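Just so you know, the protein sequences line up as chains A and B, in that order.
Each residue of the first sequence is one higher than the one before, counting from 0 in numbering that gives the first Met the number 0.
Each residue of the second sequence is one higher than the one before, counting from 0 in numbering that gives the first Met the number 0.
For each residue, glycine too, the CB sits at the ideal point set by N, CA and C.
What you are looking at is a predicted structure, and each value in this text was computed from that prediction instead of being measured.
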Amino acid sequence: MKNILTIIRRELGSLFTSPVAYVFLVIFLVLTGFFTFMIGGFFVRNEADLTSFFFWFPWLFILLVPAVGMRQWAEERRQGTLELLFTMPISVPEAVLGKFLAGWLFLGIALFLTCPIVFTVCYLGDPDAGPIVTGYAGSFLLAGSYLAVSGMTSAFTRNQIVSFITSTVLCLLLVLIGFPPVTDLLLKWGAPTGVLDLSAGLSVFYHFTGMQRGVFDLRDIVYFLSLTALALMITGTVLKNRRG
Amino acid sequence: MIEATSVKKYFGDRPVVAGISFSVARGEVLGFLGPNGAGKSTTMRMITGFLPLSEGSISIGGCDIEENPVEAKRLFGYLPENAPAYQDMSVGGFLQFSAAIRGLSGRAGKAAVERAAGLCHLEGVMRQPIDTLSKGYRHRLCFAQAILHDPPVLILDEPTDGLDPNQKHEMRELIREMGRDKAIIVSTHILEEVEAICTRVIIIDRGTLVFNGTPRELLARAPHGDRVLVILRGIDGEEAVAALEKLPQIRRAEILGEEEGRLTLALQPTGKGEDFAWNIKKMLDERRWEFCELHTESGRLDEVFRDLTAPDGADRKEGVA
Chain A
0 MKNILTIIRR ELGSLFTSPV AYVFLVIFLV LTGFFTFMIG GFFVRNEADL
50 TSFFFWFPWL FILLVPAVGM RQWAEERRQG TLELLFTMPI SVPEAVLGKF
100 LAGWLFLGIA LFLTCPIVFT VCYLGDPDAG PIVTGYAGSF LLAGSYLAVS
150 GMTSAFTRNQ IVSFITSTVL CLLLVLIGFP PVTDLLLKWG APTGVLDLSA
200 GLSVFYHFTG MQRGVFDLRD IVYFLSLTAL ALMITGTVLK NRRG
Chain B
0 MIEATSVKKY FGDRPVVAGI SFSVARGEVL GFLGPNGAGK STTMRMITGF
50 LPLSEGSISI GGCDIEENPV EAKRLFGYLP ENAPAYQDMS VGGFLQFSAA
100 IRGLSGRAGK AAVERAAGLC HLEGVMRQPI DTLSKGYRHR LCFAQAILHD
150 PPVLILDEPT DGLDPNQKHE MRELIREMGR DKAIIVSTHI LEEVEAICTR
200 VIIIDRGTLV FNGTPRELLA RAPHGDRVLV ILRGIDGEEA VAALEKLPQI
250 RRAEILGEEE GRLTLALQPT GKGEDFAWNI KKMLDERRWE FCELHTESGR
300 LDEVFRDLTA PDGADRKEGV A
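Quick look at the structure:
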């Protein structure tokens, strides 16, 4: 436990001493604002809710979260510090969890910094608190899942670009799997409804939309957490069987 | 402290380490030698638990590195090849992190960091980011990280790489000093280092152990280990060789060079050659031969090393032809 905290502290420290953290935060906040107000048509909708804000997260995160996750292990491999880290008295799960939690915490900070948007909505109208809370919870869980996936691709390579691209594609796949282009294709191939449901059920979008609307369903939370856990477990296995 | 038993490592089908066994006790500094690609670093990475073993077992202080990795890893400090460190951290921050991971926090952590930084002369750069350090500093930083928790076992992969001659000397002193009450493994290409700091030497070549003994035993294998060189003045070469080879102690006399009246001879003793140089001197005095130099050649480690690890001599000659 103490080791996990030590790792978290180091990771956050290294994020905030490098420009990565600040560049990320600025871009993230500018983009969320832009999507919410300009593309999402916040004012045109004339409703005091955050639908046009949360709606973009599955897309925005596809690009931004891998930027945080791609360096996690690839950078350690490239610098050779992986050898240092794994010859110190810590276990692989501790290291994997520590790095993941640090990244997740950072994404949490980024989400927290979007609170002016909530204030704006509260100022303009009288929004329902429920969807805002579940929306933020869902966004945080979603960010965690994407982060775990990009951490996993990062464990496979010493090249951050390769890690970034593969994790972006994987996250995109997690969104698209429930979308009509994919499900229609499955339908055309004559897939039974069970497969169609499964495909839709595996989609990040499906689970996120529920939470974004204020529906608090345990299944959605289990979905996000198990996706995260699976990716972290694969990361651990890959690192345990590394070849240097 | 360190016990390696028939350790094997395959990368795919290719055996990189093909069954190595050795042990290192407290108070020993083991030199780990071998040509590039012989499996030195791979073996070190297996000892430190970074690479999984294909076969065999390694234990450190009684803890098996595969079954009980965290316990075993508490017992050693490791300086990996190329001295990696987190580039974006400061020297002090990196040392504090290393101390915290080893369970040294608060005052104990601070004391450990100060001690290690002092031993490695890092006090002046504690606030500097690591990516601005020179190679020598980075190396010493990584070494400081390894000795931070004063471990009973040290594993050092090329500890003097990138240091200037003074720093090299100092590092060797430090290792020798620590070797009194620790078990240390040092891998190196530098043969003089072996003579300077090691109490025992292991040579591996193509994944197998080809030598395990003291540096003195290694030297004893040198082909010209105990021959005597003399430089004579004003004496004809043929005549000298004929006269010298009559002596019972001399197995062979060889002319190495003859110029401007100076004759250089190499004399090979029969048997072990005790007092060989002394006897020769007496003989030269008796004959009133004038000599301006006479010394016993000590064996050269590089010759032994080449002998033990030469990639099949025949192949090489064919290659040249």
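- In the three-state DSSP reduction, Gly-213 (chain A) falls in the coil class, being neither helix nor strand.
- Note that the C-beta distance between Asp-130 (chain B) and Ser-13 (chain A) is not below 7 Å.
- For the region 47 to 63 of chain B, the set of residues with a beta-carbon nearer than 9 Å to any beta-carbon of chain A comprises Thr-47, Gly-48, Phe-49, Leu-50, Pro-51, in chain order.
- Fully contained in the region 191 to 271 of chain B are the following alpha helix (DSSP H) runs of length 4 or more, in chain order: 214 to 219, 236 to 244.
- Beta-bridge pairing by DSSP links Glu-292 (chain B) to B:Ile-230.
- Two segments are said to touch when three or more pairs of C-beta atoms, one from each, lie closer than 8 Å; by this definition the region 100 to 110 of chain B does not touch the region 18 to 27 of chain B.
- The C-beta of Ser-17 (chain A) comes closer than 7 Å to at least one C-beta of chain B.
- For Ala-182 (chain B), DSSP records a beta bridge to B:Val-152.
- The beta carbon of Lys-72 (chain B) falls within 7 Å of a beta carbon belonging to chain A, placing the residue at that interface.
- Chain order gives the chain A residues near Arg-101 (chain B) as Met-87, Pro-88, where near means a beta carbon separation below 8 Å.
- By the rule that beta-carbons nearer than 7 Å mark a contact, Asn-81 (chain B) touches chain A.
- Classified as exposed, Asn-45 (chain A) has fewer than 16 neighbouring CB atoms from the shown chains inside 10 Å of its CB.
- Closer than 7 Å at the C-beta level to chain B, one finds these residues of the region 51 to 85 of chain A: Gln-78, Gly-79, Thr-80, Glu-82, Leu-83, Phe-85.
- In summary, no residue of the region 145 to 177 of chain A has a CB separated from any CB of chain B by less than 8 Å.
- In the DSSP annotation of this structure, the continuous segment of the alpha helix (DSSP H) that includes Leu-62 (chain A) starts and ends at 56 to 68.
- Taking the Cβ atoms as the reference, Gly-60 (chain B) lies roughly 28 Å from Val-209 (chain B), outside the contact range of under 8 Å.
- Ser-56 (chain B) sits close to Thr-4 (chain B), with the two beta carbons spaced by under 7 Å.
- In the three-state reduction of the DSSP assignment, Gly-55 (chain B) falls in the strand class.
- For Leu-81 (chain A) and Asp-301 (chain B), the gap between their C-alpha atoms comes out near 34 Å.
- B:Arg-199 is the residue among B:Ala-221, B:Arg-199, B:Ala-219, B:Thr-47 whose C-alpha sits nearest the C-alpha of Asn-211 (chain B).
- Closest in C-alpha terms to Thr-47 (chain B), from the list B:Pro-128, B:Asp-235, B:Glu-70, B:Gly-33, comes B:Glu-70.
- Partner residues in a beta bridge of Arg-287 (chain B), as assigned by DSSP, do not exist.
- Annotated three-state conformation of Phe-42 (chain A) is helix, per DSSP.
- With a beta-carbon spacing of about 6 Å, Met-45 (chain B) and Lys-8 (chain B) fall inside the 8 Å limit used to define contacts.
- An exposed status is given to Ile-38 (chain A), since fewer than 16 other beta-carbon atoms sit within 10 Å of its beta-carbon.
- Following the DSSP letters along the chain, one finds Ile-19 (chain B) inside the beta strand (DSSP E) bounded by residues 13 to 23.
- The beta carbon of Asp-87 (chain B) falls within 7 Å of a beta carbon belonging to chain A, placing the residue at that interface.
- For Tyr-9 (chain B), the uninterrupted beta strand (DSSP E) run begins and ends at 1 to 10, by DSSP.
- For Ala-84 (chain B), the residues of chain A that pass the 9 Å Cβ criterion are Gln-78, Gly-79, Thr-80, Leu-83, in the order they occur in the chain.
- When only Cα atoms are considered, Val-95 (chain A) and Met-151 (chain A) end up about 10 Å apart.
- By the neighbour-count definition (other C-beta atoms within 10 Å, threshold 16), Ser-20 (chain B) is an exposed residue.
- At a cut-off of 7 Å between beta-carbon atoms, Arg-44 (chain A) makes no contact with chain B.
- Restricted to the region 76 to 106 of chain B, the alpha helix (DSSP H) segments that are unbroken, complete and at least 4 residues in length are 90 to 100, listed in chain order.
- Around the CB of Ile-201 (chain B), 16 or more other CB atoms lie within 10 Å, so the residue is classed as buried.
- Comparing alpha carbon positions, the residue from B:Ser-297, B:Thr-263, B:Thr-187, B:Ile-249 closest to Leu-78 (chain B) is B:Thr-187.
- Beta-bridge analysis with DSSP links Phe-31 (chain B) to B:Ser-186, B:Ile-201.
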